[in-house]
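Number of protein chains: 2
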Amino acid sequence: MQRYLLLPGPTPLPDEVLAAGARQMINHRGPEFGRILAEMLGAARRVFMTRHPVLPFTASGTGGLEAAIANLCSPGDTVVAVCSGWFGDRFADIAEAFGAQVLRVAVPWGEAVDPEAVREALRVAPGARAVLVTHSETSTGVRNDVAAIAAIVRQTPALLVVDAVSSLGAIELRADEWGVDVVVTGSQKALMAPPGLTLVSVSERAWAASETARLPRYYWSFARMRKDLKDGEAFTPFTPAIGVIYALHAGLRRLEAEGIARVFARHRRVARAVRAGVRALGLRPVARDEDASEALTAVWMPDGLDAKALLDRLRVEHGVVMAGGQGPMAGRVFRFGHLGYVSDEAVLAGLGALEAVLPRIGGPAARGAEDAAREILATAPA
Amino acid sequence: MQRYLLLPGPTPLPDEVLAAGARQMINHRGPEFGRILAEMLGAARRVFMTRHPVLPFTASGTGGLEAAIANLCSPGDTVVAVCSGWFGDRFADIAEAFGAQVLRVAVPWGEAVDPEAVREALRVAPGARAVLVTHSETSTGVRNDVAAIAAIVRQTPALLVVDAVSSLGAIELRADEWGVDVVVTGSQKALMAPPGLTLVSVSERAWAASETARLPRYYWSFARMRKDLKDGEAFTPFTPAIGVIYALHAGLRRLEAEGIARVFARHRRVARAVRAGVRALGLRPVARDEDASEALTAVWMPDGLDAKALLDRLRVEHGVVMAGGQGPMAGRVFRFGHLGYVSDEAVLAGLGALEAVLPRIGGPAARGAEDAAREILATAPA
Numbered sequence: 037m038q039r040y041l042l043l044p045g046p047t048p049l050p051d052e053v054l055a056a057g058a059r060q061m062i063n064h065r066g067p068e069f070g071r072i073l074a075e076m077l078g079a080a081r082r083v084f085m086t087r088h089p090v091l092p093f094t095a096s097g098t099g100g101l102e103a104a105i106a107n108l109c110s111p112g113d114t115v116v117a118v119c120s121g122w123f124g125d126r127f128a129d130i131a132e133a134f135g136a137q138v139l140r141v142a143v144p145w146g147e148a149v150d151p152e153a154v155r156e157a158l159r160v161a162p163g164a165r166a167v168l169v170t171h172s173e174t175s176t177g178v179r180n181d182v183a184a185i186a187a188i189v190r191q192t193p194a195l196l197v198v199d200a201v202s203s204l205g206a207i208e209l210r211a212d213e214w215g216v217d218v219v220v221t222g223s224q225k226a227l228m229a230p231p232g233l234t235l236v237s238v239s240e241r242a243w244a245a246s247e248t249a250r251l252p253r254y255y256w257s258f259a260r261m262r263k264d265l266k267d268g269e270a271f272t273p274f275t276p277a278i279g280v281i282y283a284l285h286a287g288l289r290r291l292e293a294e295g296i297a298r299v300f301a302r303h304r305r306v307a308r309a310v311r312a313g314v315r316a317l318g319l320r321p322v323a324r325d326e327d328a329s330e331a332l333t334a335v336w337m338p339d340g341l342d343a344k345a346l347l348d349r350l351r352v353e354h355g356v357v358m359a360g361g362q363g364p365m366a367g368r369v370f371r372f373g374h375l376g377y378v379s380d381e382a383v384l385a386g387l388g389a390l391e392a393v394l395p396r397i398g399g400p401a402a403r404g405a406e407d408a409a410r411e412i413l414a415t416a417p418a
Numbered sequence: 037m038q039r040y041l042l043l044p045g046p047t048p049l050p051d052e053v054l055a056a057g058a059r060q061m062i063n064h065r066g067p068e069f070g071r072i073l074a075e076m077l078g079a080a081r082r083v084f085m086t087r088h089p090v091l092p093f094t095a096s097g098t099g100g101l102e103a104a105i106a107n108l109c110s111p112g113d114t115v116v117a118v119c120s121g122w123f124g125d126r127f128a129d130i131a132e133a134f135g136a137q138v139l140r141v142a143v144p145w146g147e148a149v150d151p152e153a154v155r156e157a158l159r160v161a162p163g164a165r166a167v168l169v170t171h172s173e174t175s176t177g178v179r180n181d182v183a184a185i186a187a188i189v190r191q192t193p194a195l196l197v198v199d200a201v202s203s204l205g206a207i208e209l210r211a212d213e214w215g216v217d218v219v220v221t222g223s224q225k226a227l228m229a230p231p232g233l234t235l236v237s238v239s240e241r242a243w244a245a246s247e248t249a250r251l252p253r254y255y256w257s258f259a260r261m262r263k264d265l266k267d268g269e270a271f272t273p274f275t276p277a278i279g280v281i282y283a284l285h286a287g288l289r290r291l292e293a294e295g296i297a298r299v300f301a302r303h304r305r306v307a308r309a310v311r312a313g314v315r316a317l318g319l320r321p322v323a324r325d326e327d328a329s330e331a332l333t334a335v336w337m338p339d340g341l342d343a344k345a346l347l348d349r350l351r352v353e354h355g356v357v358m359a360g361g362q363g364p365m366a367g368r369v370f371r372f373g374h375l376g377y378v379s380d381e382a383v384l385a386g387l388g389a390l391e392a393v394l395p396r397i398g399g400p401a402a403r404g405a406e407d408a409a410r411e412i413l414a415t416a417p418a
């Protein structure tokens, strides 16, 4: 029983997305598919807030990050990587695996990067090809300030590449306005579709860089992928994940029907409610309020208690599925996802289940999590 | 209207596969998903006819080919590539993109490679790291003799890597018995699932090679992918295409319920029926009978007629979707797919539609395609 999926991805699918994803296969080189993909990419561009191409690779989000490195870098290039958690480290590791000299701007897990540290890194490495930043660090629930970082990077020749896998469509990210060169996201987070596709937006500067970058690439080639992506009819060079594209088409349509500003407001409201709820139970969120991600909340376990016992009971006894910690936070935090198609009911059920389970595993017996959350859900703009 | 999907992939999905693929998302790090993936990979190993690991990458089949190169080769390695069509060329191009010295064993489109030509190439390049072969060349409908090629390659230190994207589960391919080191397939062909996953089997020899191969890799890393693929519970390093795994689990179950020997016999029978049918219309298959792929039949257009007119009418007037030619065969052939979940009814409908449309676009007005096919369908073992 997984009644309430409260993960930072995959997120629950709305009924119409499930139905769309369950349609029979069609020719991925035929006009019907070409129109669906073109419409989907048009909607994606609006959600990315970019006029530039958005490229649909059949892959996990990690594949999109690799595609960015493979298209922008040459062997030996210097890259500045903001490392504020598991996913920041991963992005840096990918760049390193492909032969980049990686200058890591490391901040303690649970903190956001100070944008001035990026300025300093670019002073140390003025020839850096790119700056890699994780927008919503899914391991800690911290949001890095991409707008401020972009303003700094834009004063240098470096490209800004943002891992927005768990943020795009949940947290404001204005690619063109802020001057972000490459934004990478996944289908299975705020976009309300199943995993299987990664979307990558590419600015003009990044296109120009990709034309001279010398890392080998074939599957991830931006140029190959872009070739037949026309506005009215779009086709991919290799057979795409057709069912995921059907689903993402429906997910983006739903997102646009709600309105992107309302979607962001909904995520802010729910994130505040969750933070109030866990605090009512005497628990402490990892991220400070001012740089908390609206996509998920990582929460410290009470001293001496292991997250696994909590997560197992939540799942088995309450049908509530949350995630554990990663790396140095394994066992020490649980992560409450609240992005994409998440209902107030699910969030309240998650808080209620926490309240019920915590005392049974030796944790605090506080009450009032649902009330605290309800209060915010009732007052904040819906 | 795409009533009859007669492509060499994607292929139509059986009802239970559609239903499985439409299940709600679950935690890809939880026990329920771990069991489904482990079961799916167990079934895949039986269909690959291997005791070795089968790795599930979220990607198109082309991604699986790239993964093979990235894990087995070092920059400057020599690789022998059999080029007997579009997909053989693609595999060679991938190896070249990653810095391999590619010795192309090119045969005219429409012919299978003579295994002796592979022996000769390995004599010229005795230090070749790998031999790349396309099993069913989807651009021409030709089947290369992988068993004979394997017997030759096994006498050398080279690894044998087979692109079985459109053959695995349709045409016999005994990975371990024949000594094929790496087999790559896609979910959307004979395995009756939607596109989005590529499966890659890896022999012990290939594992050993991957441990010293120096091409950069991260997303495609065999070692990273294998790490948590246990028999009872399997997990992937990056969020996998959960819905496609649900579907592939159901597709493989269906394939095993039918029995792999019967599945191969069914494909042989249908392929013969299609060839008889198109010949009754005065058309000529591209491949000779003795090396025709059982997955699809590429057919020459009558002189002076363009395939596009035929394909458009088939689709619009009859709901029959076939594929056009690629590369030098564009416009000059149409490709009739008959692999995976293809029914006698669909094959007969395809032939009937060809019979109806051909005279209307200035082609032969022959009749009897369905009768010729029915005769074979009635007599050959079901």
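In the order they appear, the protein sequences are chains A and B.
Under the working numbering, think of the first position of the first sequence as 37, with each following residue one higher.
Under the working numbering, think of the first position of the second sequence as 37, with each following residue one higher.
Each residue gets a CB set at the ideal place from its N, CA and C atoms; glycine is no exception.
Values in this document were obtained by computation on a predicted structure and should not be read as measured data.
Proximity test, Cβ basis, 8 Å: residue i and chain A
i: Gly232 (chain B); result: yes
i: Thr221 (chain B); result: no
i: Gln224 (chain B); result: yes
i: Pro276 (chain B); result: yes
i: Leu54 (chain B); result: yes
i: Leu41 (chain B); result: yes
i: Leu49 (chain B); result: yes
Cα-Cα separation, residue i to residue j
i: Asp325 (chain A); j: Ile207 (chain A); result: 15 Å
i: Lys344 (chain A); j: Ser379 (chain A); result: 25 Å
i: Pro230 (chain B); j: Gly100 (chain B); result: 16 Å
i: Gly57 (chain B); j: Thr98 (chain B); result: 22 Å
i: Pro89 (chain B); j: Val83 (chain B); result: 12 Å
i: Val238 (chain A); j: Arg165 (chain B); result: 36 Å
i: Arg304 (chain B); j: Arg320 (chain B); result: 18 Å
i: Asp51 (chain A); j: Thr275 (chain B); result: 22 Å
i: Val118 (chain A); j: Trp122 (chain B); result: 42 Å
i: Met261 (chain B); j: Arg81 (chain B); result: 16 Å
i: Glu391 (chain A); j: Ala401 (chain A); result: 7 Å
i: Leu387 (chain A); j: Val310 (chain A); result: 7 Å
i: Thr333 (chain A); j: Leu350 (chain B); result: 54 Å
i: Asp199 (chain B); j: Arg87 (chain A); result: 38 Å
i: Val116 (chain B); j: Gly146 (chain A); result: 51 Å
i: Ala359 (chain A); j: Thr114 (chain B); result: 46 Å
i: Leu284 (chain B); j: Ser223 (chain B); result: 7 Å
Proximal residues of chain A, C-beta to C-beta of residue i below 7 Å
i: Ala249 (chain B); result: Correct list: empty, because the minimum Cβ distance to chain A is about 13 Å.
Chain B within 8 Å of residue i, Cβ atoms only
i: Arg368 (chain A); result: no
i: Leu227 (chain A); result: no
i: Gly357 (chain A); result: A small correction: the amino acid at residue 357 (chain A) is Val; Gly does not occupy that position in the sequence shown. Closer than 8 Å: yes.
i: Met61 (chain A); result: yes
Chain-ordered neighbours of residue i on chain B, where CB pairs are closer than 8 Å
i: Gly57 (chain A); result: Gly57, Ala58, Gly279
i: Tyr254 (chain A); result: Thr98, Glu102, Asp129, Ile130, Ala133, Phe134
i: His64 (chain A); result: Pro46, Pro231
Rounded distance between the beta-carbons of residue j and residue i, thought under 8 Å
i: Ser203 (chain B); j: Leu195 (chain B); result: Actually they do not touch by this definition, with Cβ atoms about 19 Å apart.
i: Ala405 (chain B); j: Gly313 (chain B); result: 4 Å
i: Asp327 (chain A); j: Ala148 (chain A); result: 4 Å
i: Ser96 (chain B); j: Thr221 (chain A); result: Going by Cβ atoms, the distance from Ser96 (chain B) to Thr221 (chain A) rounds to 19 Å, so no, they are not a contact pair.
i: Glu294 (chain B); j: Met85 (chain B); result: Not really, about 16 Å apart at Cβ, beyond 8 Å.
Within chain B, partners of residue i - CB distance below 9 Å
i: Val218 (chain A); result: None at all; the shortest Cβ gap to chain B is about 16 Å.
Contacts that residue i makes with chain B (C-beta to C-beta distance below 7 Å)
i: Leu390 (chain A); result: Residues of chain B passing the Cβ test: none, with the nearest at roughly 17 Å.
Residues in the segment 71–101 of chain B having any Cβ partner in chain A nearer than 9 Å: Phe93, Thr94, Ala95, Ser96, Gly97, Thr98, Gly99, Leu101
Chain A contacts made by the segment 125–139 of chain B, where a contact means CB separation under 8 Å: For the segment 125–139 of chain B, the set of positions with a beta-carbon nearer than 8 Å to some beta-carbon of chain A reads Asp129, Ile130, Ala133, Phe134, Gly135 in chain order.
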